[in-house]
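If you use the working numbering, the sequence shown closes out at 475, no skipped numbers anywhere. Glycine residues also receive a C-beta, built at the ideal position from the N, C-alpha and C atoms. Keep in mind that this is a model prediction, so the values were computed, not measured. Note sheet for the following structure.
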Amino acid sequence: MMKKVMKVSLAVVMSSTMLITAACGNSDKSAGGNGDSQKPSEQKKKELRMMVGTIGGKTPEEHELFEKEVERLSGIKVKMEKPATGFNDKLLTAISSGEKYDLIQVDRPLMEVLFDQGVLTPLDDRIKGSKFISDPSIFPKNEWEQVKMSDGKIYGIFTKLQGGTMPIVRKDWLDKLGLQEPKMLDEYYNVLKAFKEKDPDGNGKADTYGLSTAGLYDIQGFMSAAGVKAGYVTKDGKRTIPYATEAAIPVYEWFAKLYKEGILDPNFATNDAGKMRDMFLTDRVGMVTYWDTWVGTFNNMRMQKDPNTTFKAKGLLPAAGPDGKIMMRRGEPNAWIIPANSPDPKTAMEFIEFWSTEKGNVLATLGIEGHDYTVKDGKYELTQDGKDHNLDHGAPYVYNTNWTNPFGSLPGVKEAKELVMKYGTVETTGKDWKDIEKIINNYALQAMQGKIPASEAVSKMNQELKAAKFID
């Protein structure tokens, strides 16, 4: 339905293509192409309008400081619109009504929606024309495949180095109970059962759970035991969704066993990520499934609260299959895109280059000088705000191998990220994934709670997915 609405509503945008093209050409010149005839004081100040999801300040007040810091460092005045909720809907509504943005931060599925509507600018020539962006030490050549669309052209430039998801364990609880790190699914069960039954927090109460998740997000670490990969997988030319195949049944049954025995957080099906994280941070659960970056964030948050804490989060390898194979999910790319009706694509590209430089890397991680950190005699020091922000203002980790974060990485992140880069493969979803998730979640969560047999859940998933033509 959304696709049909977009096609109609974006007619306003597409019908003005010739005017837009002309405007783009003129804006390129005003950004420097033919500006030699003007005195510097007469040249128009470079300005960009953006929409961002995670980039910027942590509060509205800090976000304003962030915009000013961008201007100070890059010479480009920016307005970064950052919706508090409903990013995709607000962006699509804005674009369909003909609003103009110079840059937008998107994920791969949203990029595909915009590509299908013909409102993206191909960036191949601009990338080739930039010695900086085309430098493989900034962005490795093999990574560009992630931001190519079906026509073989590149439509996005990375905002950050995307991580992956994994089981994250309370390593201090493992050590306290004398347990080894689990490698197989039955070993995971034994560890989680011990977290439930052996009072790992030492308060003398039966108030801990082995595992919590935020719904079906992200159980890839356990699906790995059955050789089941998250997202779409094309097999023999046909689209399949492994979570909706018979191979996934044993893992759904494993979850149902955890749920029945009270090892799995009973609220897992309705948890959002915040509730799940809070359980982990407040000693109520021994394992969660989340992003590698959060290994360090968890550790940092507890150390900020109590420097003497024994809390220790650690990222684990997914459960290995019978053949020893491990399947780890690496997130789809997050990228800058330039809309076809961007008033100033040249300056937009200049900003992307800035974002990828050392100055941009510092801004994207440490944050705002004087607010998040200070520098004296070349030595960086975080303020309390900077410590609270966990070295993350939109890109906690960057591709640029020529820059080293002066604070290194948060505890546990380096090891977790090494696992992702060694074992992780990029998940493939697509523009219809939200609708697909509704079908999978509906039946998978029922199976995991023991409400319906796992075989029935998979059968019904397949019926609905095929009826909607989401799988072949």
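{"query": "Span separating the alpha-carbon of Pro456 from that of Pro253", "result": "11 angstroms"}
{"query": "6 angstroms CB neighbourhood of Phe357 in its chain, flanking five on each side removed", "result": "Ser77, Gly363"}
{"query": "3-residue-minimum beta strand (DSSP E) runs that sit fully inside the region 318 to 352, ordered along the chain", "result": "331 to 333, 337 to 340"}
{"query": "Closest by C-alpha distance to Ala322, when choosing among Ala276, Ala217, Tyr426", "result": "Tyr426"}
{"query": "Same chain only: Cβ atoms within 6 angstroms of Val109, ignoring 5 sequence neighbours per side", "result": "Ile340"}
{"query": "Candidates Lys241, Thr243, Gly373, Leu385: closest to Gln307 by CA position", "result": "Leu385"}
{"query": "Cβ-Cβ distance between Asn266 and Gly213 below 7 angstroms", "result": "Inspection of the sequence shows that residue 266 is occupied by Ile rather than by Asn. Yes, the pair counts as a contact, with Cβ atoms nearer than the cut-off."}
{"query": "Segment contact, 8 angstroms Cβ cut-off, at least three pairs: the region 84 to 91 with the region 389 to 396", "result": "no"}
{"query": "Extent of the continuous alpha helix (DSSP H) to which Lys420 belongs", "result": "416 to 426"}
{"query": "Val378, buried or exposed, once every other Cβ within 10 Å from all chains shown has been counted against 16", "result": "exposed"}
{"query": "Where Phe473 sits in the DSSP three-state scheme", "result": "coil"}
{"query": "Euclidean distance between Cα positions of Phe69 and His374", "result": "10 angstroms"}
{"query": "N- and C-terminal bounds of the alpha helix (DSSP H) containing Lys382", "result": "Premise fails: Lys382 lies in the beta strand (DSSP E), 382 to 385, not in any alpha helix (DSSP H)."}
{"query": "Limits of the beta strand (DSSP E) - the one that Tyr376 falls within", "result": "376 to 379"}
{"query": "Helix, strand or coil at Gly167 [DSSP, three-state]", "result": "strand"}
{"query": "Cα-Cα separation, Val496 to Asp275", "result": "For residue 496 there is no data in the structure shown, the boundaries of the chain being 4 and 475."}
{"query": "As assigned by DSSP and simplified to three states, the class of Thr88", "result": "coil"}
{"query": "Length-filtered (4 minimum) alpha helix (DSSP H) runs lying within the region 187 to 274", "result": "188 to 200, 223 to 226, 252 to 263"}
{"query": "Contact belief for Ala450 with Ala259 at Cβ below 8 angstroms, rounded distance in angstroms", "result": "6 angstroms"}
{"query": "Ala251 burial status per 10 Å Cβ neighbour count (16 or more: buried)", "result": "buried"}
{"query": "Exposed unless 16 or more other CB atoms sit within 10 angstroms - verdict on Ala460", "result": "buried"}
{"query": "Lys241 classed as buried or exposed, judged by whether at least 16 other C-beta atoms fall within 10 angstroms", "result": "exposed"}
{"query": "6 angstroms Cβ shell around Val291 - same chain, five flanking residues per side excluded", "result": "Ile171, Ser215, Met279, Phe283"}
{"query": "Neighbourhood of Asp221 by C-beta distance below 6 angstroms, restricted to the same chain and skipping five residues each side", "result": "Thr168, Thr292"}
{"query": "DSSP-derived helix/strand/coil call for Gly35", "result": "Unreliable positioning characterises Gly35 in this predicted model, as indicated by a pLDDT of 36, which lies under 50. The coordinate reading is nonetheless provided below. Reduced to three states, the DSSP call for Gly35 is helix."}
{"query": "Proximity winner among Ile474, Gln149, Asn408, relative to Asp438 (alpha-carbon distances)", "result": "Ile474"}
{"query": "Which of helix, strand or coil DSSP assigns to Tyr158", "result": "coil"}
{"query": "Where Leu68 falls: helix, strand or coil (DSSP)", "result": "helix"}
{"query": "Own chain, CB closer than 6 angstroms to Gly230, minus 5 neighbours either side, in chain order", "result": "Gly324"}
{"query": "Trp406 - DSSP class collapsed to helix/strand/coil", "result": "coil"}
{"query": "For Tyr104, three-class secondary structure by DSSP", "result": "coil"}
{"query": "Residue from Leu117, Gly166, Pro143, Lys201 with nearest C-alpha to Ser153", "result": "Leu117"}
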